[in-house]
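Take a look at the structure set out below.
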Amino acid sequence: MSSTEMQELVGFLSSPRADLRQSAMQLALGLTATDAGVLSLIKADAVKALCRLVSDVNTIARDAIHALVNMTATHPVACETALKFDIVNRLMNQLDSDFAHKDLSMMLLANVTTTPDGAKALVANDAKYKVREVILQKLTMLFLESEPEPEGIDLATGEPKWDDDYQYIANVLANITQLEEGRDFLLQMRQSSTPPKALVEVLLPQIHSPNVVRRRGIVQAVRNLCFDSDNHFFLYDTLDVVGHMQKRLAGPEPLELDEKNGMTNLVLGCLGAKKKRESDVAVRQAAVECLILFCSSRNGRNVLRQKKVYPIVRNAHLVEANDEVSDQIYKLVDFLIRDEEGEEPDWDEIRAKSLGVSNDAEPATAVPAPEFESVLDKPLPPKPVAPLVDEEVDEDCAAALASEINLLDVSSSEEEDDVPPLAQ
Numbered sequence: 001m002s003s004t005e006m007q008e009l010v011g012f013l014s015s016p017r018a019d020l021r022q023s024a025m026q027l028a029l030g031l032t033a034t035d036a037g038v039l040s041l042i043k044a045d046a047v048k049a050l051c052r053l054v055s056d057v058n059t060i061a062r063d064a065i066h067a068l069v070n071m072t073a074t075h076p077v078a079c080e081t082a083l084k085f086d087i088v089n090r091l092m093n094q095l096d097s098d099f100a101h102k103d104l105s106m107m108l109l110a111n112v113t114t115t116p117d118g119a120k121a122l123v124a125n126d127a128k129y130k131v132r133e134v135i136l137q138k139l140t141m142l143f144l145e146s147e148p149e150p151e152g153i154d155l156a157t158g159e160p161k162w163d164d165d166y167q168y169i170a171n172v173l174a175n176i177t178q179l180e181e182g183r184d185f186l187l188q189m190r191q192s193s194t195p196p197k198a199l200v201e202v203l204l205p206q207i208h209s210p211n212v213v214r215r216r217g218i219v220q221a222v223r224n225l226c227f228d229s230d231n232h233f234f235l236y237d238t239l240d241v242v243g244h245m246q247k248r249l250a251g252p253e254p255l256e257l258d259e260k261n262g263m264t265n266l267v268l269g270c271l272g273a274k275k276k277r278e279s280d281v282a283v284r285q286a287a288v289e290c291l292i293l294f295c296s297s298r299n300g301r302n303v304l305r306q307k308k309v310y311p312i313v314r315n316a317h318l319v320e321a322n323d324e325v326s327d328q329i330y331k332l333v334d335f336l337i338r339d340e341e342g343e344e345p346d347w348d349e350i351r352a353k354s355l356g357v358s359n360d361a362e363p364a365t366a367v368p369a370p371e372f373e374s375v376l377d378k379p380l381p382p383k384p385v386a387p388l389v390d391e392e393v394d395e396d397c398a399a400a401l402a403s404e405i406n407l408l409d410v411s412s413s414e415e416e417d418d419v420p421p422l423a424q
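Residues in the sequence shown are numbered from 1 upward in steps of one, following this note's numbering.
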């Protein structure tokens, strides 16, 4: 398609006639099936027109979002342009309506919040934040209340497919935790629960969901929380995040009795010959990185030793096929087996201060703040959701929806976790 024809196509996307917008939209959607087509649309400034069509009638809005998903999945410049035209607020308004294709909207929201600027557009404390926060809370509640339903087998990959409308909320939560405001959102207390629980606490069971999209997003969100050392006591003392990561990394290998002494019931209950180790590389890597981040303090290393993380990661390392994950496990083991030097501070005192526990007793001798080492770089932006099309089509055809999700069969020996709903 020539540049002149492309400009005409983009012009039709803004036509006052719905039938012309619909025809132009179908053609534009077909072009997003190829990299050349996406680049041509970006060059012709189609992203601006597509963002406006997000608020159009149902079928046109659906195709516009579908096209933007494909474009933002592979071209960051499309994300940047969409953000300039207020795509986040447009999507949040739509997600708060009766729009029939919210799964596509959440997929696009996951893509545009991949960058720090996109995440900031969602959680920044501006004039519209309170409205966005309420909508995001509602979506998170629906994410927790919904369950992925089997939808057959993907013949191309042999993996199970899932009917899971809210799965991409996990990606959104992982994206916003790049920022302090997003981490605060997951750590805020839900006063309606008894006793009050932080949002991350009710999200933790999703780390063991049969749907890899859910597992991957939530484990990455928890990993990002670990970059703030002030959260460590809460995460490993109150929530047993260490146990959740051990459960993902554990396999069927037998352990000696002394190797299990100190493990929590969460881990002990999943061990056995039928236990399947996490098959998704991204989940394994995020789990190991989470444990490494806890090693940034001496107390964190002590906690991992007491909970017997070493035998779990030792066995995981023996069968790890991914070089990057293997290197991270090696780094973790190095932290766990090192000799500690110097006197230990009063960790009970530091823990009480970290958790906000009041102390009416006379002030004790000042305790030096623990030194936290830099063991990993700050959280990196996750990868965008894959485009919905992966095959070439001619310019006169609308692209077929072809979403591939690599999923895991959960071991039959593992009980399903009870995921409490998020109260409004």
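Beta carbons: idealized from backbone N, C-alpha and C, even for Gly.
>> With distance defined between alpha-carbon atoms, name the residue in E151, E147, H232 and D163 nearest to L488.
In response: What is shown of the chain runs 1 to 424, which leaves residue 488 out entirely.
> Unbroken alpha helix (DSSP H) runs of length 4 or more, entirely within the region 122-176: which are they?
Replying inline: 129-145 and 169-176
>> Quick check on this structure: which residue in S23, D35 and D45 has the alpha carbon closest to the alpha carbon of T4?
In response: Translated into positions along the sequence shown, residue 4 becomes position 4. Here the closest residue by C-alpha is D45.
> From S2 to R52, what does the alpha carbon distance come to, in whole angstroms?
Replying inline: Working through the sequence shown from its first residue, we reach residue 2 at position 2. Working through the sequence shown from its first residue, we reach residue 52 at position 52. Rounded to the nearest angstrom, the two C-alpha atoms are 24 Å apart.
> Exposed or buried, P160, counting other C-beta atoms within 10 Å across all chains shown (16 or more means buried)?
Replying inline: Residue numbering aside, residue 160 sits at position 160 when the sequence shown is read from its first letter. Flag for P160 reads buried.
> Alpha carbon to alpha carbon, how far is S14 from L109?
Replying inline: Here residue 14 refers to the residue found at position 14 when the sequence shown is read from its first residue. Here residue 109 refers to the residue found at position 109 when the sequence shown is read from its first residue. So the two alpha carbons sit approximately 23 Å from each other.
> Do you know offhand how far E320's Cα is from R21's?
Replying inline: By 1-based counting over the sequence shown, the position of residue 320 is 320. By 1-based counting over the sequence shown, the position of residue 21 is 21. Each residue's alpha carbon lies about 51 Å from the other.
> For I87, which residues of its own chain have a beta-carbon under 6 Å away from its beta-carbon, when the five flanking residues on both sides are left out?
Replying inline: To locate residue 87, count along the sequence shown from 1; it is residue 87. The answer, listed in chain order, is C51 and V112.
>> Since S55 and R17 should fall inside the 8 Å C-beta cutoff, what is the C-beta to C-beta distance between them, to a whole number of angstroms?
In response: Start at 1 with the first residue of the sequence shown, and residue 55 comes out as number 55. Start at 1 with the first residue of the sequence shown, and residue 17 comes out as number 17. Rounded, the Cβ-Cβ distance is 17 Å, inconsistent with contact.
>> Between N175 and A119, how many whole angstroms is the CB-CB distance? I'm expecting something under 8 Å.
In response: The sequence position of residue 175 within the sequence shown is 175, counting from 1. The sequence position of residue 119 within the sequence shown is 119, counting from 1. The Cβ separation is near 5 Å, so the contact holds.
> Who are the Cβ neighbours of Q121 in its own chain at under 7 Å, not counting the five residues just before and after it?
Replying inline: Numbered from 1 along the sequence shown, position 121 holds the residue referred to as residue 121. Checking the displayed sequence, the identity of residue 121 turns out to be Ala instead of Gln. The answer, listed in chain order, is L83 and V88.
> Okay, do the region 20-40 and the region 62-79 touch, 3+ Cβ pairs below 8 Å being the bar?
Replying inline: yes
>> Using 7 Å as the threshold, is the C-beta distance between V309 and V219 below it?
In response: Here the question's residue 309 lines up with position 309 in the sequence shown. Here the question's residue 219 lines up with position 219 in the sequence shown. For V309 and V219, no; Cβs fall outside 7 Å.
> Given that a residue counts as buried once 16 or more other Cβ atoms are within 10 Å of its Cβ, and exposed if not, what is I153?
Replying inline: Sequence index remark: in the sequence shown, residue 153 carries index 153 (1-based). Exposed.
> Per DSSP, what kind of secondary structure is M71 in: helix, strand or coil?
Replying inline: Numbered from 1 along the sequence shown, position 71 holds the residue referred to as residue 71. Of the three classes helix, strand and coil, the one that applies to M71 here is helix, per DSSP.
>> Given this structure, state the Cα-to-Cα distance separating I135 from R314, to the nearest angstrom.
In response: Residue mapping note: residue 135 aligns to position 135 of the sequence shown, counting from 1. Residue mapping note: residue 314 aligns to position 314 of the sequence shown, counting from 1. Distance between the alpha carbons of I135 and R314: 43 Å.
>> Considering Cα atoms alone, identify which of H101, L239 and A286 is closest to N265.
In response: Position 265 of the sequence shown, counted from the first residue, corresponds to residue 265. Closest by alpha carbon: L239.
> Between K307 and G262, is the Cβ-Cβ spacing less than 7 Å?
Replying inline: For this step, residue 307 is matched to residue 307 along the sequence shown. For this step, residue 262 is matched to residue 262 along the sequence shown. Contact flag set, yes.
> First and last residue of the alpha helix (DSSP H) that includes P311?
Replying inline: Working through the sequence shown from its first residue, we reach residue 311 at position 311. It spans V309 to V319 - the alpha helix (DSSP H) in which P311 sits, taken as one unbroken run.
> So, using beta-carbon positions, are L257 and L291 closer together than 7 Å?
Replying inline: As a first step, residue 257 is located in the sequence shown; it is residue number 257 there, counting from the start. As a first step, residue 291 is located in the sequence shown; it is residue number 291 there, counting from the start. Their beta carbons are not under 7 Å apart, which means L257 does not touch L291 by this criterion.
> What do you reckon, are the CB atoms on L142 and Y166 nearer than 7 Å?
Replying inline: Locating residue 142 in the sequence shown gives position 142, where the first residue counts as 1. Locating residue 166 in the sequence shown gives position 166, where the first residue counts as 1. Going by C-beta atoms, L142 is nearer than 7 Å to Y166.
> In angstroms, rounded to a whole number, what distance separates the CA positions of R215 and Q7?
Replying inline: Locating residue 215 in the sequence shown gives position 215, where the first residue counts as 1. Locating residue 7 in the sequence shown gives position 7, where the first residue counts as 1. Spanning the two alpha carbons is a distance of roughly 42 Å.
>> Could you give the first and the last residue of the continuous alpha helix (DSSP H) run that contains Y330?
In response: Here residue 330 corresponds to residue number 330 of the sequence shown, with the count starting at 1. That run of the alpha helix (DSSP H) goes D323 to I337.
> Hey, quick one: how far does the alpha helix (DSSP H) through C79 stretch, first residue to last?
Replying inline: As a first step, residue 79 must be located in the sequence shown, where it is residue number 79. First-last of the alpha helix (DSSP H) with C79: P76 to K84.
> In this structure, does DSSP put A100 in helix, strand or coil?
Replying inline: Residue 100 sits at position 100 when you count from the first residue of the sequence shown. The answer is coil: DSSP assigns A100 none of H, G, I, E or B.
>> Among the candidates I42, K43 and L9, whose CA atom is the shortest distance from the CA of L27?
In response: Taking the first residue of the sequence shown as 1, we reach residue 27 at position 27. Residue L9 is the option with its Cα nearest to L27.
> By Cβ distance, which residues of its chain are closer than 7 Å to P311, with the 5 residues on each side in sequence left out?
Replying inline: For this step, residue 311 is matched to residue 311 along the sequence shown. Cβ within range, chain order: L255 and E259.
>> Looking only at its chain, what residues have a beta carbon closer than 7 Å to the beta carbon of A250, apart from the 5 residues adjacent to it on each side?
In response: Your numbering for residue 250 matches position 250 in the sequence shown. The residues are V267, C270, L271, K275, R277 and I312.
> How is K247 classed by DSSP in three states: helix, strand or coil?
Replying inline: Taking the first residue of the sequence shown as 1, we reach residue 247 at position 247. Three-state DSSP puts K247 in a helix.
> What separation, rounded to the nearest whole angstrom, lies between the Cα atoms of A24 and N125?
Replying inline: Along the sequence shown, read from residue 1 onward, the residue named residue 24 stands at position 24. Along the sequence shown, read from residue 1 onward, the residue named residue 125 stands at position 125. One C-alpha to the other measures close to 37 Å.
>> Based on DSSP bridge pairs, tell me the residues matched to A198.
In response: For the purposes of this step, residue 198 is taken as residue 198 along the sequence shown, with counting starting at 1. Bridge partners of A198: M189.
>> If the criterion is Cβ atoms closer than 7 Å, does the pair V123 and E80 meet it?
In response: Position 123 of the sequence shown, counted from the first residue, corresponds to residue 123. Position 80 of the sequence shown, counted from the first residue, corresponds to residue 80. For V123 and E80, no; Cβs fall outside 7 Å.
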